Amino acid sequence: MQNHKLPPASLLFIFGGSGDLNYRKLSPALYNLFIDNWMPEKFGIVGIGRTEYNDDNYRSKLYEGIKLFSRRKEDNSGHWQQFSQHVSYMKMDAEKEEEYQKIAGIVKTKEQEFGEHPNVIFYMAVAPQLVPDIAKKLGPLNICSDTKCTRIVVEKPFGHDLASAHELNQLLMSMFDETQIYRIDHYLGKETVQNILALRFANALFEPIWNKNYIDHVQITAAETVGVEGRGGYYETSGALRDMVQNHILQLICMIGMEAPVSFEADEIRNKKVAVLNAIRKIDRDDAHDFAVRGQYDEGWMKGEKVPSYRKEKSVSENSNIDTFAAVKFYIDNWRWQDVPFYIRTGKRLHDKTTIITLQFKPAPHFAFPEEATETWRPNRLTISIQPEMDIRLRFQAKRPGQFMILNPVDMIFNYKDAYDGNEPEAYETLLLDVMEGNATLFMRSDQVEAAWKIIMPILESWETRPPVDFPNYAPDSWGPEDAEALIARDGNNWITLPPLHQE
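Heads up, the sequence shown is in the numbering used here, so the first residue is 21 and it goes up one at a time.
Printed below as a string of structure tokens:
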């Protein structure tokens, strides 16, 4: 087994310990870290919730989730038996201030058991509206003033708009230091996303041409085939622009657009990302229709199954104007990217589940080749697939075998599954390990969150003051509304989709 330094002793309190996020993601991730020998030698995990459980029932419940959702569903080596001894449950009403003394008691007990003061991590796996109240009640506990050892992890969405995000930041920073606050975006934990930095800055091939002189445009597609999956109540307060663009997609733009860091220190990386967000051209409210398109799915057929329209989903208003699709054209106004369009689109009930980033290069001159050689000429492009495939493809021209000089576009492909064992850590594993180690590189800083909100607020305000007249405006199993095609076609471009690597 690989030798590596383990994180210091850690005590993890999961608020929402009986909820879905812990069941599907957090416990499977912590369990996999344990199997891979990444958990601290001394650790404890305490689920906090209102549901009635004793420790044994709670462990059984979590093990069900591991068998369903972990990348390792079988336990042939007794790992679960060992891991579960570190897991306990505390029934608690998070609204009652006096209940929080129980947490201080557990910390004291574990401190004696470990023989040292552990990292104390509070994970907010709860509905966003509950976070401020829990944070207010945690703040007065003596342990929260320990800036080196105490951390709070907050899931997205971080705020509902710029004002609420600023208010939440101010609240958290009145009780915790910025270095203690981990705003989590699971996209940034994905292997392929992290590999963007390696691809760009560890290879002399790409960085010299990663700019406006060689790149024609950039596209990011984050498409889902599912609808709102019973989360209509949440989605009615959110929509695609808030749910995906404000955090996930703008962070991907940062990874593509940032300047080379001088080190991999957390704040150095985050400074470079904030610089990109600050350079993104602000869209005027009155011009939003020229840069942004919204959509909402209708009823129809999805992979042979009849599906309802968004307005017929559970907990959704029958006249809802919430966007289930958004496409935007951004510009980054700096020396590297001036006038290079960044086209992004995201939506539900689309034709494929896929997240891809494509950099399309400017065409090479054709005049050196005979006319018949260039009939199938295509621009070079670099495509980074984040899901469901994890690969990087570079398209270039090659001569077709034969007596004539005929060129064909071909792909050179790096695929994670082929190159490695296909058992990469999942995003939450990477991020939870970083929290325990105190590495904030992949987490959002307060200025990042607010800079991202400033970018999309004019679009949101424009959409709220001008209700759509054509909703629902796209069919399930399509690529979204026609206006999204027009948005990119006006510049002479088209949306890029990829065939799967492993076709039957």
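Cβ coordinates follow ideal geometry from the N, Cα and C atoms, glycine included. Keep in mind it's a predicted model, so treat the numbers as computed, not measured.
Checklist entry - Which of helix, strand or coil does DSSP assign to Ala346? => result strand
Item to check | Candidates Pro408, Ala243, Leu453, Asn215, of which the one nearest Lys25 by Cα | outcome: That would be Leu453, whose Cα lies nearest to the Cα of Lys25.
Checklist entry - Using the beta-carbon count (16 or more within 10 Å), is Trp357 buried or exposed? => result Under this definition Trp357 is a buried residue.
Next on the checklist: Can you find the residues in the same chain that come closer than 7 angstroms, C-beta to C-beta, to Asn443, ignoring five residues on each side of it along the sequence?
Outcome noted: Arg91
Checklist entry - Do Gly36 and Gly69 come within 8 angstroms of each other at the CB atom, strictly closer than that value? => result yes
Item to check | Reference Ala312; option with closest CA among Leu480, Pro487, Pro48, Asn52 | outcome: The option with the nearest alpha carbon to Ala312 is Leu480.
Next on the checklist: Here's the rule: buried if 16 or more other CB atoms are within 10 angstroms of the residue's CB, otherwise exposed. What is Tyr440?
Outcome noted: So Tyr440 counts as exposed.
Item to check | Residues that DSSP places opposite Tyr234 in a beta bridge | outcome: According to DSSP, which records beta bridges pairwise, Tyr234 is partnered with nothing at all.
Checklist entry - Out of Glu409, Phe416, Ile404, Met410, which has the shortest C-alpha to C-alpha gap to Trp397? => result Phe416
Checklist entry - Quick one: what does DSSP say Arg251 is sitting in, helix, strand or coil? => result coil
Checklist entry - In chain order, what residues of the same chain lie with their CB nearer than 8 angstroms to the CB of Asp153, ignoring the 5 residues before and after it? => result In the same chain as Asp153, and ignoring 5 residues on each side of it, the C-beta atoms closer than 8 angstroms to its own belong to Ala114, Glu115, in chain order.
Checklist entry - With which residues is Leu370 paired in a DSSP beta bridge? => result Ser498
Item to check | Own chain partners of Leu261 with C-beta closer than 7 angstroms, once the 5 adjacent residues on each side are dropped | outcome: Asp343, Ala346, Ile476, Ile479, Leu480
Next on the checklist: If the criterion is Cβ atoms closer than 8 angstroms, does the pair Ala49 and Glu446 meet it?
Outcome noted: yes
Item to check | Spatially closest choice to Gln190 from Val469, Phe33, Phe284, by CA coordinates | outcome: Nearest of Val469, Phe33, Phe284 to Gln190, Cα basis: Val469.
Checklist entry - How would you write the range of the beta strand (DSSP E) that Phe434 sits in, first residue to last? => result 427 to 435
Item to check | Secondary structure, beta strand (DSSP E): runs of 3+ residues fully inside the region 280 to 349 | outcome: 312 to 315, 320 to 322, 325 to 327
Next on the checklist: Based on DSSP bridge pairs, tell me the residues matched to Pro361.
Outcome noted: Tyr351
Item to check | Alpha-carbon to alpha-carbon, Leu82 and Thr170 | outcome: 25 angstroms
Next on the checklist: Counting beta carbon pairs with one atom in the region 264 to 277 and one in the region 227 to 247, are three or more of them shorter than 8 angstroms?
Outcome noted: Put simply, the region 227 to 247 touches the region 264 to 277. At least three CB pairs are less than 8 angstroms apart.
Next on the checklist: Measuring only the C-alpha atoms, how far is Pro160 from Ile123?
Outcome noted: C-alpha separation (whole angstroms): 12 angstroms.
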